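S.K.: FYI, full-length UniProt numbering numbers position 128 of the sequence shown as 128, with every residue one higher than the one before it.
By construction, the Cβ of each residue, glycine as well, lies at the ideal position given by its N, Cα and C atoms.
Being a predicted model, the structure only gives us computed values, none of them experimental.
Mind having a look at this structure? Questions to follow.
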Amino acid sequence: MPEQRFTSVWTRASKPRRAQQGLSREQIVQATVELLDAEGMEALSMRKLGAKLDAGATSLYWHVANKNELLELAMDEVFGEVRIPTSDSWREVTSNVAWGLRAAIMAHPWFTFVLGSLPALGPNAMNCSATLCTALERAGFRGTDIDYAGAAVLSYTIGATAPEAAYTSALKSRGITMAQAQEDLAPLVEEAARTHPEIHARFQEAVESTIDPIAHRQLSFDFGLISMLDGLAMRLPRSADMSENHLTK
């Protein structure tokens, strides 16, 4: 079997419209994201995208060589949704990257599958990574510790959000609400947790809680993120930690 080496759409300049009636890269990217949002990864093909755009394959291949390049463009478009305000506080910048990435994943559940299979080399992804690295270096991390700290934050964010996005997407496709899902799950949990009363108690408390399920999940994410940042702060030199505390007061 021949080697299949990594290539990237970002290694060459963007082409202009081929003709007055031709499609722009922006139109193709927008349609790709819309198709992925509506029908998921399995539905994406050059043929289906062409039909959605009412265009032939020639118009698509003028801008991209294959499906992977479409996914690269779509992935970077989603990275562009991560808004990061300027701040001198590494915790504020890092938190905003995490929350912005979480929002992007929740809006586009397919995003994590692409993120795990293709290199994120687009300008929006690069800007996000550079912002995170700069904030962590400003905090006091040095060398490979910057990479490890950044990877820890991204791994937590993606790991905590991807299952929630998949679950929410599955409920939407079935046309049921989270409250209805909890009601359906109640007797199943009763049976499965018969020998695990602690699990049953946690589920029952969640069902009876007055907190909105979406707000509950946001609080859970925030708890984990704050714990993650507290752990990273413990690894900073004392002088750097004191400087950060001074800046945030």
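What number of angstroms, rounded off, separates the C-alpha of Ser89 from the C-alpha of Gly231?
M.R.: Walking along the sequence shown from the start, residue 89 turns up at place 89. Walking along the sequence shown from the start, residue 231 turns up at place 231. The alpha-carbon atoms of Ser89 and Gly231 are separated by roughly 16 Å.
S.K.: Does any heavy atom of the ligand FAD sit closer than 8 Å to the C-beta of Pro187?
M.R.: With respect to the ligand FAD, the structure shown offers nothing to examine, as it has no ligands at all.
S.K.: Whose C-beta lies closer than 6 Å to the C-beta of Pro16 among residues of the same chain, with five residues either side of it excluded?
M.R.: Indexing the sequence shown from 1 puts residue 16 at position 16. Nothing meets the Cβ criterion.
S.K.: Threshold first: 3 residues or longer. Then list the beta strand (DSSP E) segments lying entirely within the stretch 84-154, N to C.
M.R.: Counting only runs of 3 or more, we get nothing.
S.K.: Out of His216, Gly122, Val207, Asn124, which has the shortest C-alpha to C-alpha gap to Ala186?
M.R.: Taking the sequence shown and counting its residues from 1, the one referred to as residue 186 is at position 186. For Ala186, the nearest C-alpha among the options comes from Val207.
S.K.: Going along the chain, which unbroken runs of the alpha helix (DSSP H) with 4 or more residues stay wholly within the stretch 8-57?
M.R.: Taking only runs of at least 4 residues, the alpha helix (DSSP H) segments lying wholly in the stretch 8-57 are 25-39, 46-53.
S.K.: Where Ile32 and Ala181 are concerned, what is the direct C-alpha to C-alpha distance, given to the nearest angstrom?
M.R.: Numbered from 1 along the sequence shown, position 32 holds the residue referred to as residue 32. Numbered from 1 along the sequence shown, position 181 holds the residue referred to as residue 181. A quick correction: the sequence has Thr, not Ile, at residue 32. Going from the Cα of Thr32 to the Cα of Ala181 covers about 30 Å.
S.K.: Would Leu35 and Met46 qualify as a contact pair, given that the criterion is a beta-carbon distance under 9 Å?
M.R.: Within the sequence shown, numbered from 1, the residue matching residue 35 stands at position 35. Within the sequence shown, numbered from 1, the residue matching residue 46 stands at position 46. Cβ atoms of Leu35 and Met46: not closer than 9 Å.
S.K.: Would you call Ser95 buried or exposed, if buried means 16 or more other Cβ atoms sit within 10 Å of its Cβ?
M.R.: Locating residue 95 in the sequence shown gives position 95, where the first residue counts as 1. Ser95 comes out buried.
S.K.: Suppose you measure from the CA of Glu69 to the CA of Ile105; what does that come to, to the nearest Å?
M.R.: Position 69 of the sequence shown, counted from the first residue, corresponds to residue 69. Position 105 of the sequence shown, counted from the first residue, corresponds to residue 105. One C-alpha to the other measures close to 20 Å.
S.K.: Can you tell me whether His196 is buried or exposed? The criterion is at least 16 other CB atoms within 10 Å of its CB, across all chains shown.
M.R.: Taking the first residue of the sequence shown as position 1, residue 196 is located at position 196. Flag for His196 reads exposed.
S.K.: Starting from the C-beta of Ser14, find all residues in its chain whose C-beta is less than 6 Å away, skip the five residues before and the five after it, and write them out in chain order.
M.R.: Counting from 1 along the sequence shown, the entry for residue 14 is found at position 14. Only Arg25 meet the Cβ criterion.
S.K.: Between the alpha carbons of Ala38 and Arg174, how many angstroms are there, rounded?
M.R.: Translated into positions along the sequence shown, residue 38 becomes position 38. Translated into positions along the sequence shown, residue 174 becomes position 174. Roughly 13 Å separates the two Cα atoms.
S.K.: According to DSSP, is Ile214 helix, strand or coil?
M.R.: In the sequence shown, residue 214 corresponds to position 214, counting from 1. In the structure shown, Ile214 sits in a helix (DSSP, three-state: H, G or I).
S.K.: Between Ala162 and Pro109, is the Cβ-Cβ spacing less than 9 Å?
M.R.: Taking the sequence shown and counting its residues from 1, one reaches residue 162 at position 162. Taking the sequence shown and counting its residues from 1, one reaches residue 109 at position 109. Yes. Within cutoff.
S.K.: Residue range of the alpha helix (DSSP H) that Phe203 falls in?
M.R.: For the purposes of this step, residue 203 is taken as the residue at position 203 of the sequence shown. Counting along the chain, the alpha helix (DSSP H) containing Phe203 begins and ends at 197-208.
S.K.: Measuring only the C-alpha atoms, how far is Glu183 from Ala215?
M.R.: Looking up residue 183 in the sequence shown gives position 183. Looking up residue 215 in the sequence shown gives position 215. Approximately 18 Å, taken between the alpha carbons.
S.K.: Considering Cα atoms alone, identify which of Ala170, Gly224, Glu191 is closest to Ala152.
M.R.: Locating residue 152 in the sequence shown gives position 152, where the first residue counts as 1. For the residues Ala170, Gly224, Glu191, the minimum Cα distance to Ala152 belongs to Gly224.
S.K.: Taking the alpha helix (DSSP H) that Phe6 belongs to, which residues open and close that run?
M.R.: Translated into the one-based positions of the sequence shown, residue 6 becomes position 6. Careful: Phe6 lies outside any alpha helix (DSSP H) and carries neither H nor E.
S.K.: Within 10 angstroms of the Cβ of Glu72, are there 16 or more other Cβ atoms? Answer buried if so, exposed if not.
M.R.: Taking the sequence shown and counting its residues from 1, one reaches residue 72 at position 72. Flag for Glu72 reads buried.
S.K.: Is it true that the CB of Glu81 sits closer than 9 Å to the CB of Ala107?
M.R.: Here the question's residue 107 lines up with position 107 in the sequence shown. Here the question's residue 81 lines up with position 81 in the sequence shown. Contact: yes.
S.K.: If we ignore side chains and look at the alpha-carbon of each, how far apart do Ala166 and Phe203 end up?
M.R.: For the purposes of this step, residue 166 is taken as the residue at position 166 of the sequence shown. For the purposes of this step, residue 203 is taken as the residue at position 203 of the sequence shown. About 20 Å.
S.K.: So Leu132 and Gly150 are in contact, right, with Cβ under 8 Å, and what is the actual spacing, rounded?
M.R.: Counted from its first residue, the sequence shown places residue 132 at position 132. Counted from its first residue, the sequence shown places residue 150 at position 150. Indeed they touch by this definition, with Cβ atoms about 5 Å apart.
S.K.: Using the three-state DSSP reduction, which class does residue 254 fall into: helix, strand or coil?
M.R.: No information on residue 254 is available, as it lies outside the stretch 1 to 249 that the chain covers here.
S.K.: Output needed for Ala160: all residues of its chain with C-beta closer than 7 Å, excluding positions within five of it in sequence on either side, in chain order.
M.R.: On the sequence shown, position 160 is the one that residue 160 refers to. These residues qualify, in order along the chain: Phe221, Gly224.
S.K.: Check this for me: beta carbons of Leu23 and Leu44, under 9 Å apart or not?
M.R.: The sequence position of residue 23 within the sequence shown is 23, counting from 1. The sequence position of residue 44 within the sequence shown is 44, counting from 1. Not closer than 9 Å, so no.
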